[in-house]
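Asks:
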Amino acid sequence: MKRLTSLLLTLIVCTTMVHAAWWEGSPKVRNKAERGYIFRFWLKDKQGSPYTLDRPQDFLSAKAVERRQQQHLAIDSTDLPVSTVYLHLFRRKGTRIVGTSRWNNTLLIYTPDTTRLEEMKHLACVVRWAKVWQSPDSVSPLPDRPRIHDDFNRWDSVPDSRYGAAEAQIAAVGGQRLHQQGFCGRGMTIAILDGGFENADRLPALAHAQVAGTKDFLPFSSHRLFQGTDHGTRVFTAMAAMAPHVMIGTAPEATYWLLRCEDRQSEQPVEEDYWAMAAEFADSVGADLVNSSLGYTRFDNHQDDHCYAEMDGHTTLISHTASMLAGKGIVLVCSAGNNGMGPWKKIDFPADADDILTVGAVTPQLTNAPFSSVGPTQDGRVKPDIMAPGSPASLISGRGTLVQDMGTSFAAPIVCGMAACLWQALPGLSARSLMEIIRQSGNNQSHPDNIYGYGVPDFYKAYSTEKERQQTHKTLP
Numbered sequence: 006m007k008r009l010t011s012l013l014l015t016l017i018v019c020t021t022m023v024h025a026a027w028w029e030g031s032p033k034v035r036n037k038a039e040r041g042y043i044f045r046f047w048l049k050d051k052q053g054s055p056y057t058l059d060r061p062q063d064f065l066s067a068k069a070v071e072r073r074q075q076q077h078l079a080i081d082s083t084d085l086p087v088s089t090v091y092l093h094l095f096r097r098k099g100t101r102i103v104g105t106s107r108w109n110n111t112l113l114i115y116t117p118d119t120t121r122l123e124e125m126k127h128l129a130c131v132v133r134w135a136k137v138w139q140s141p142d143s144v145s146p147l148p149d150r151p152r153i154h155d156d157f158n159r160w161d162s163v164p165d166s167r168y169g170a171a172e173a174q175i176a177a178v179g180g181q182r183l184h185q186q187g188f189c190g191r192g193m194t195i196a197i198l199d200g201g202f203e204n205a206d207r208l209p210a211l212a213h214a215q216v217a218g219t220k221d222f223l224p225f226s227s228h229r230l231f232q233g234t235d236h237g238t239r240v241f242t243a244m245a246a247m248a249p250h251v252m253i254g255t256a257p258e259a260t261y262w263l264l265r266c267e268d269r270q271s272e273q274p275v276e277e278d279y280w281a282m283a284a285e286f287a288d289s290v291g292a293d294l295v296n297s298s299l300g301y302t303r304f305d306n307h308q309d310d311h312c313y314a315e316m317d318g319h320t321t322l323i324s325h326t327a328s329m330l331a332g333k334g335i336v337l338v339c340s341a342g343n344n345g346m347g348p349w350k351k352i353d354f355p356a357d358a359d360d361i362l363t364v365g366a367v368t369p370q371l372t373n374a375p376f377s378s379v380g381p382t383q384d385g386r387v388k389p390d391i392m393a394p395g396s397p398a399s400l401i402s403g404r405g406t407l408v409q410d411m412g413t414s415f416a417a418p419i420v421c422g423m424a425a426c427l428w429q430a431l432p433g434l435s436a437r438s439l440m441e442i443i444r445q446s447g448n449n450q451s452h453p454d455n456i457y458g459y460g461v462p463d464f465y466k467a468y469s470t471e472k473e474r475q476q477t478h479k480t481l482p
């Protein structure tokens, strides 16, 4: 079940929040597009690829290569693109390739004619296959962009606080003192994986934000990434907003990639492929951190639903991909999910992944929010890893208004932005080392559990403790 919007929380905790994707409640209309299907094919190897491991600059950015070198990480066969020879074999069958995953060695094929499947699944390069999407019978019309408020309400301003409404959530994680040291994310690149960024290109509070680029991974979308849902906008503002005395984000000087990989029209397994493609793209362009406030457990066709037994960080395609990010030198910050008061209870996928920071939500009193999903993973690992304000969090909507919204979706970017600032301050750390010192700075680190994890981190404590450790190590004979 997706938790991309705050509608679920409205139903569970009976709040009066603004629905992040308000247009989804509008009546659906018949889908006039041709009936079509997407199949995922797992390939046996990468034979015939023109790329080689001794020339990584041909398929990775200079920053992606440098990141691996700095962390002493090898570039391996998973980094090689999918074999062009195999891609050609599929194209000869008259089908459309809509995506590939190098890390999983998979490709997505779209076809309106399922009779072609018989030929494709018997190709010698195919290990297995699965249907992951079929065109929905009805869709929601995409609305016009809402009007933007050029100015905030006068009562939104907090004259004696530069952080404004965000002061409490940044103070809760020790962020102000880190900012005061001059660490606001400069030089760090964060990729945001989400479902849309309504008006993020127009909001005055984001006018200063450094956006390296955008990319849409939905093959049948209108390519209007800044229209439709403002969930990604709210996530973005938690990190990048710069509206003094109203709201300042946790990493206002970082550089951002805005990547859409969530399909708002249906809930089908192919969205895990889109997520994997976006994560790999983030790696290839040199992102240091990835924020994902997306999660999956149930699909429109319930035969594809996930189960607890799969919650080992590797069984599902999305979690398997997420577990690889640290090995590429990237920190993934992932929301835990909002299932705590529902029948599922536990974290979503890919929040079960290895070597990531899974973030739950706390109240202003730093107690766990009742809706925040819990662990452990099926193989017994502590989840969530840490907690952060998310019940509620201060954000800016796609209309340009200051809002209070609830969800682990917003706890995650508060952490992600601060993690970028911490990494700026401690550039010699590996992704895994950075995540561990963040965990150890939590207020529950002495007895982590599967509701509160290691607790609410203190990023200034993490910084000062690590600096002291480094200095001590440096002065030892």
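In terms of our numbering, the sequence shown has 86 at position 81, counting the first letter as 1, and numbering is strictly consecutive. Note that beta-carbon positions come from the ideal geometry of N, C-alpha and C, so glycine has one too.
#1: Would a C-beta distance cut-off of 8 Å place Q232 and R150 closer than the cut-off?
#2: Enumerate, from N- to C-terminal direction, the unbroken alpha helix (DSSP H) stretches of 4 or more residues contained entirely within the stretch 209-281.
#3: Return the bridge partner residues of T363 from the DSSP annotation.
#4: Find the nearest neighbour of A281 within the set R269, S297, D293, G291, judged by alpha-carbon distance.
#5: State buried or exposed for L73, treating a residue as buried only when at least 16 other CB atoms are found within 10 Å of its CB.
#6: What residues are listed by DSSP as bridge partners for L400?
#7: Counting along the chain, where does the beta strand (DSSP E) carrying V131 start and finish?
#8: Which same chain residues end up closer than 7 Å to A196 when comparing Cβ atoms and leaving out the 5 residues on each side of it in sequence?
#9: What does the alpha-carbon distance come out to for the pair D353 and R474?
#10: Locate the beta strand (DSSP E) running through S297, then write down its first and last residues.
#11: Identify the residues that DSSP records as bridge partners of L183: which are they?
#12: Nearest-angstrom Cα distance between T320 and R60?
#13: Could you say which of L78, K220, D268, T255 lies nearest to S145 if we only look at CA atoms?
#14: How long is the line joining the alpha carbons of Y279 and T480, rounded to whole angstroms?
#15: Excluding the five sequence neighbours on either side, which residues of its own chain have a C-beta within less than 6 Å of the C-beta of N344, listed in chain order?
#16: Which residues in the same chain as Q215 place their Cβ atom closer than 6 Å to its Cβ, once the five residues preceding and following it in sequence are excluded?
#17: From N204 to S451, what does the alpha carbon distance come to, in whole angstroms?
#18: Since Y457 and G179 should fall inside the 8 Å C-beta cutoff, what is the C-beta to C-beta distance between them, to a whole number of angstroms?
#19: Taking just the CA atoms, how far does D235 sit from M411?
#20: What are the boundary residues of the alpha helix (DSSP H) that S346 is part of?
#21: Is V163 helix, strand or coil by DSSP?
#22: Could you give the residue range of the beta strand (DSSP E) that holds M392?
#23: Under the three-state reduction of DSSP, which class applies to F44: helix, strand or coil?
#24: Does the Cβ-Cβ distance between L362 and M440 come in under 8 Å?
#25: Could you tell me which of A341, A245, Q76, L223 sits nearest to S566, measuring between CA atoms?
#26: In angstroms, rounded to a whole number, what distance separates the CA positions of L48 and S435?
#27: Can you grab the Cα-Cα spacing for the pair A256 / E123, in whole Å?
#28: What are the start and end residues of the alpha helix (DSSP H) that includes G422?
#29: Compare the Cα-Cα distances from L147 to each of S226, L94, R159, L337 and report the closest residue.
#30: Would you mind sorting Q429 into buried or exposed? The rule is 16 or more other CB atoms within 10 Å of its CB.
#31: In or out: Q52 buried (at least 16 other Cβ within 10 Å) or exposed?
#32: If we ignore side chains and look at the alpha-carbon of each, how far apart do T219 and S469 end up?
#33: Quick one: grab the DSSP three-state call for Y459.
#34: With DSSP as the reference, identify every bridge partner of G169, one or two as the case may be.
#35: Look at L211 and A245 and say whether their C-beta atoms are less than 8 Å apart.
#36: Contact check, M392 vs V408 under 8 Å by CB: the rounded distance?
Replies: According to the structure shown:
#1: Here residue 232 corresponds to residue number 227 of the sequence shown, with the count starting at 1. Here residue 150 corresponds to residue number 145 of the sequence shown, with the count starting at 1. Yes, these two residues count as a Cβ contact at 8 Å.
#2: 236-245
#3: Along the sequence shown, read from residue 1 onward, the residue named residue 363 stands at position 358. According to DSSP, T363 bridges with C339.
#4: Residue 281 sits at position 276 when you count from the first residue of the sequence shown. When only C-alpha atoms are compared, the closest one is S297.
#5: By one-based count along the sequence shown, residue 73 stands at place 68. The sequence given here has Arg at residue 73, not Leu. It counts as buried.
#6: As a position in the sequence shown, residue 400 is number 395, starting the count at 1. Paired residue(s): V408.
#7: Here residue 131 refers to the residue found at position 126 of the sequence shown. Start and end: 131-139.
#8: Here residue 196 corresponds to residue number 191 of the sequence shown, with the count starting at 1. Excluding positions up to five away in sequence, the list reads W262, L264, A287, A292, V295.
#9: Here the question's residue 353 lines up with position 348 in the sequence shown. Here the question's residue 474 lines up with position 469 in the sequence shown. Those two C-alpha atoms are separated by around 35 Å.
#10: The count along the sequence shown starts at 1 and reaches residue 297 at position 292. Unbroken beta strand (DSSP E) run through S297: 294-297.
#11: Here residue 183 is taken as the residue at index 178 of the sequence shown, counted from 1. In the DSSP output, where bridge partners are listed per residue, L183 has none listed.
#12: On the sequence shown, residue 320 is found 315 positions in, with the first residue counted as 1. On the sequence shown, residue 60 is found 55 positions in, with the first residue counted as 1. Cα-Cα distance, rounded: 31 Å.
#13: The residue you call residue 145 lines up with position 140 of the sequence shown. Nearest C-alpha to S145: D268.
#14: Locating residue 279 in the sequence shown gives position 274, counting from the first residue. Locating residue 480 in the sequence shown gives position 475, counting from the first residue. Roughly 48 Å between the two C-alpha positions.
#15: Within the sequence shown, numbered from 1, the residue matching residue 344 stands at position 339. Once the five neighbours on either side are set aside, the close Cβ partners of N344 are K350, S378.
#16: Counted from its first residue, the sequence shown places residue 215 at position 210. Result list for Q215: T260, in chain order.
#17: Within the sequence shown, numbered from 1, the residue matching residue 204 stands at position 199. Within the sequence shown, numbered from 1, the residue matching residue 451 stands at position 446. Cα-Cα distance, rounded: 43 Å.
#18: Locating residue 457 in the sequence shown gives position 452, counting from the first residue. Locating residue 179 in the sequence shown gives position 174, counting from the first residue. That belief does not hold up - the Cβ atoms of Y457 and G179 are roughly 17 Å apart, past 8 Å.
#19: Locating residue 411 in the sequence shown gives position 406, where the first residue counts as 1. Locating residue 235 in the sequence shown gives position 230, where the first residue counts as 1. Using only the alpha carbons, I get a separation of about 14 Å.
#20: Stepping through the sequence shown from its first residue, residue 346 is reached at position 341. In the sequence on display, residue 346 carries Met and not Ser. Neither: M346 is in no alpha helix (DSSP H) and is coded neither H nor E.
#21: Against the sequence shown, residue 163 aligns to sequence position 158. V163: coil per DSSP, three-state reduction.
#22: For the purposes of this step, residue 392 is identified with residue 387 of the sequence shown, where counting begins at 1. Run containing M392: 391-394, per the beta strand (DSSP E) assignment.
#23: Stepping through the sequence shown from its first residue, residue 44 is reached at position 39. Of the three classes helix, strand and coil, the one that applies to F44 here is strand, per DSSP.
#24: Looking up residue 362 in the sequence shown gives position 357. Looking up residue 440 in the sequence shown gives position 435. Going by C-beta atoms, L362 is nearer than 8 Å to M440.
#25: Limits of the chain in this structure are 6 at one end and 482 at the other, which puts residue 566 out of reach.
#26: Residue mapping note: residue 48 aligns to position 43 of the sequence shown, counting from 1. Residue mapping note: residue 435 aligns to position 430 of the sequence shown, counting from 1. Rounded to whole angstroms, L48 to S435 spans 31 Å at the Cα level.
#27: For the purposes of this step, residue 256 is identified with residue 251 of the sequence shown, where counting begins at 1. For the purposes of this step, residue 123 is identified with residue 118 of the sequence shown, where counting begins at 1. C-alpha separation (whole angstroms): 50 Å.
#28: Taking the first residue of the sequence shown as 1, we reach residue 422 at position 417. G422 -> alpha helix (DSSP H) spans 413-430.
#29: Taking the first residue of the sequence shown as position 1, residue 147 is located at position 142. Selected option, being the one with the closest Cα: S226.
#30: For the purposes of this step, residue 429 is taken as residue 424 along the sequence shown, with counting starting at 1. Q429 should be labelled buried.
#31: Counting from 1 along the sequence shown, the entry for residue 52 is found at position 47. Exposed, by the Cβ-count rule.
#32: Numbered from its first residue, the sequence shown carries residue 219 at position 214. Numbered from its first residue, the sequence shown carries residue 469 at position 464. Each residue's Cα considered, the two are about 35 Å apart.
#33: The residue labelled residue 459 in the question sits at position 454 within the sequence shown. In this structure, Y459 counts as coil in the three-state DSSP scheme.
#34: Residue numbering aside, residue 169 sits at position 164 when the sequence shown is read from its first letter. Answer by DSSP bridge pairing, in chain order: M252.
#35: As a working note, residue 211 is residue 206 in the sequence shown. As a working note, residue 245 is residue 240 in the sequence shown. Yes, the Cβ-Cβ distance between L211 and A245 is below 8 Å.
#36: Position 387 of the sequence shown, counting from 1, holds the residue named residue 392. Position 403 of the sequence shown, counting from 1, holds the residue named residue 408. Contact doesn't hold; Cβ gap of about 21 Å is too wide.
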